[in-house]
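Have a look at the structure below before the remarks.
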Amino acid sequence: MTIELSRGTEINNRYLIQRVLGQGGCGRTYLALDRQRFDEPCVLKEFVPSATTVQGLQKSRELFIREARVLYQLQHSQIPKFMGWFEENGRLFLVQEYVDGKTYAEVLEERDNQGQTFSEAEVRQWLLDMLPVLDYIHKRGIVHRDIDPDNVMHPKTKSGPKLIDFGVVKEVAIQLEAKQKGTVVGKQGYSPPEQMLAGQCFPSSDLYALAVTALVFLSGKAPNEFFDNKTLKLKWRNSIQVSDRLAAILAKMLDYAPKNRYQSAKEVLEILNPPPKPSVWKPIAISIVTASIAVVALGSAIRVSPYVEPVCQVLDNCDPHIGLKALYNIALEQGDEALVLFGNPKNMADLETASDRLEAAISQLDAIPSEATIYPEVKKVLSNYRDKYKDLKNRVESEREAAQQFAEAKQNAEDGINTALNPQSLEQLRSSSDRLKDAVSSLEKIKKATFAYPEARKALAKYKPDLQLVKTRVEKEQEAIDKLEKAKKNAKAAIEAEDSARTVKDLERASDRFNKIITELGTIGGSTLAYTDARELLSSYRQRQQAIKARIPIEEQAEQALEETEAIAREAKWLTKRARNLVELDVANGKWQEAIAKLKTIPTDSLVGDRVRSKLQEYQSEVKKIAAKIANIQREQNF
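Residue numbers (my numbering): 244 to 882.
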């Protein structure tokens, strides 16, 4: 064991030790002030591993961190808040919320000094306060293992009991020493036989300890005071005056066999509520083996049937089945209430309540031994209850399936609608339509006899019109996309026609094609997904059409100029043909020069550019011929 930290010691550069709150074989608990939270009180729990080897210490640390992580996951108003952990100088510490108040052991001691105990109403309320926190930890796979008056706090704030000392330190210790004989977490008298004898713990083990604590509150006695060394059982019923209903609940929680107890805190809550009807107190000879004390007394646990000789002599009650008859009546009342609720349930909660109650009734009836005088009657009731329980479970399962089917269909429909409100593509819109279609189909299949059916009808009234709207939107989007693709195809053909144009008529036909394309694109609605692409194409095609229109007058001028040039050339050819002297040849040459000059004014990149280039060569050749003729005539004259 490490040296105890003295008052005023500061550790982790944050926590100022005030005093020791408790000490055990596994470590110590300190009250400290958190210097980083304005000296807020907190609890430091130190773990002192028994291992001395390097490997053992490393294993201790790993287990400590793992268990600390479990505590970190617990977020409940009745559990001190886990605030962190740290390691300093090889010492491991947990940091938890400090609960200012008294333990219930201290409260019980104060009442005992005043000659008082807890009333049945107080104990019942205490159970109602404690069972939800047990249900919370059990659902997370955690068993407390050490429930007793010392480990339940009564805060000054009156906020309800708080469950403390989850025993992370003890849990680490037991895992490290599991192979050592007798290594268990628990407390004799409070912990159940399976925990003290075999080290096994279940949620029902905590329920056992909770019931023992309730007996201590009701009587002010320690658990061993109820122990009968002759029968090796807890004889508590004759000395504690409570209603038959609460007695039956506590008896089942205290059953020797874990499987015969309530299996969950929720089950106990269901049976504990509503409040028990007023009834005359009757002694019920129910005795429970307390193996932990039996081990002390005899060194082994012996289970004795609670209602056979010689027990009745000890109880001074040789009708062994009085308690069984009372238990039978309670189970019968509970079972019949469950069947009435099953006959006219209002909602799923009613069915689940009926199922839990009927299951509890069957479990109670199963506990009645076959040698009991009332067993033939019990057997008949059990047969009926089991048949009804099967029907009830089938109905519950059917309702759960319908509820799940409804929830999934509704979620599917809502997802589809949300996507349809702002789709990014036609594929998304089709997916939305498919989801809505599947949701509607699923809603239509929900059986009429289920609780989900009315809601399914309402949902169908909403989603069917939505489905039709989405279908219509899909059709419009497809139509817009088809127009867009057709426009692209036609535009490609129009561009090819423009590029291959040989005349102004060809250009005019290409312009007409673009005009039709532009008109078609203009019909694509602004709310469609294709609208943006359509706008971009419209801009591009309009520019292309405008360029064609601007080109047509230029091409027309070029054609006109070429026609005029050809007319001049025809005149030049006629003059050339008739020329007989230098003067006439000179006139013909002038006409050819005029034609050539006219040709050169026509753009060579126009539609008639090829013809212009051909004519130019032709006309220049005629000029050369005339020049040759003139030269010949001049030579002849010189001679």
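Every residue, glycine too, gets a C-beta built ideally from N, C-alpha and C. Quick caveat: nothing in here was measured; it's all calculated off a predicted structure.
Cβ-based burial, residue i [other Cβ within 10 Å; buried from 16]
i      : result
Trp239 : Beyond the ends of the chain as shown, which are 244 and 882, falls residue 239; an answer cannot be given.
Pro796 : exposed
Val683 : buried
Arg856 : exposed
Asp742 : exposed
Asn394 : buried
Lys705 : exposed
Val511 : buried
Asp391 : buried
Phe469 : buried
Leu664 : exposed
Separation of residue j from residue i, as counted between CA atoms
i      : j      : result
Glu698 : Leu594 : 18 Å
Asn832 : Asp749 : 36 Å
Ala885 : Met591 : A question about residue 885 goes unanswered here, because the residues of the chain that appear run from 244 up to 882.
Val342 : Ser402 : 11 Å
Asp681 : Gln667 : 21 Å
Asp630 : Ala604 : 13 Å
Leu314 : Tyr451 : 23 Å
Thr746 : Ser676 : 52 Å
Ile573 : Asp487 : 8 Å
Glu837 : Ile845 : 13 Å
Ile873 : Lys841 : 24 Å
Lys589 : Gly769 : 51 Å
Val350 : Pro501 : 30 Å
Thr662 : Arg673 : 10 Å
Leu377 : Leu625 : 30 Å
Gly765 : Val717 : 19 Å
Leu406 : Pro436 : 22 Å
Asp853 : Thr762 : 35 Å
Ile322 : Glu310 : 16 Å
Leu805 : Leu772 : 50 Å
Ala275 : Glu247 : 13 Å
Ser783 : Lys707 : 41 Å
Arg643 : His319 : 28 Å
Leu371 : Tyr696 : 35 Å
Glu657 : Phe694 : 21 Å
Glu620 : Arg354 : 45 Å
Asp498 : His397 : 28 Å
Run of the alpha helix (DSSP H) containing residue i, from where it starts to where it stops
i      : result
Pro259 : It is worth fixing the name first, because residue 259 is Leu in this sequence and not Pro. Segment 258-266 is the beta strand (DSSP E) holding Leu259; no alpha helix (DSSP H) there.
Leu850 : Counting along the chain, Leu850 falls outside any alpha helix (DSSP H), and DSSP gives it neither H nor E.
Trp817 : 774-821
Leu750 : 747-764
Asp681 : 669-687
Val717 : 695-742
Thr272 : Here Thr272 belongs to no alpha helix (DSSP H); instead the beta strand (DSSP E) covers 270-277.
Gly299 : 297-315
Ser448 : 446-462
Tyr379 : 363-382
Ala610 : From DSSP, Ala610 is part of no alpha helix (DSSP H); its letter is neither H nor E.
Arg488 : 487-496
Asp829 : 825-843
Ser641 : 618-664
Delimiting residues of the beta strand (DSSP E) encompassing residue i
i      : result
Phe290 : 283-290
Val338 : 334-340
Thr346 : 344-346
Asp398 : The amino acid at residue 398 is misidentified as Asp; the sequence shows Pro. Note, Pro398: beta strand (DSSP E), 395-398.
Glu331 : 325-331
Cβ neighbours of residue i in the same chain (closer than 6 Å, five flanking residues each side left out)
i      : result
Val539 : Since pLDDT at Val539 reaches only 30, below the 50 mark, its modelled position is unreliable, and no value is offered.
Leu335 : Phe290, Phe307
Arg756 : Ala737
Val485 : Glu363
Other residues of its chain near residue i: CB distance less than 8 Å, five sequence neighbours each side excluded
i      : result
Thr272 : Val263, Leu264, Gly265, Gln266, Val286, Leu287, Lys288, Glu289
Glu827 : Leu818, Arg821
Ala740 : Asp749, Arg752, Ala753, Arg756
Leu825 : Ile873, Ile876, Gln877
Residues of its chain near residue i, where Cβ-Cβ distance is below 7 Å and the 5 sequence neighbours each way are ignored
i      : result
Asp277 : Arg257, Tyr258, Glu283, Cys285
Gly429 : Arg388, Asp389, Gln438, Met439
Lys424 : Residue placement at Lys424 cannot be trusted, given a pLDDT of 43 that sits under 50; what the coordinates show is reported in the next sentence. Excluding sequence neighbours, Lys424 sits near nothing in its chain.
Asn917 : For residue 917 there is no data in the structure shown, the boundaries of the chain being 244 and 882.
Met326 : Cys285, Val338, Gln339, Glu340
Glu552 : Bear in mind that the predicted position of Glu552 carries a pLDDT of just 35, short of 50, making it unreliable; the figure below should be weighed with that in mind. Same-chain partners within the cutoff: there are none.
Ala597 : Ala581, Leu584, Phe585, Pro588, Leu635
- Message: For the pair the region 446-465 and the region 480-496, tell me if three or more CB-CB distances fall below 8 Å.
- Response: The region 446-465 is in contact with the region 480-496.
- Item | Touching by the beta-carbon criterion (3+ pairs, under 8 Å), the region 625-637 and the region 677-687 | Taking a contact to require three or more Cβ pairs closer than 8 Å, the region 625-637 and the region 677-687 do not qualify as touching.
- Message: Three or more C-beta pairs under 8 Å: does that hold for the region 770-780 against the region 798-806?
- Response: At 8 Å Cβ cutoff, the stretches do not touch.
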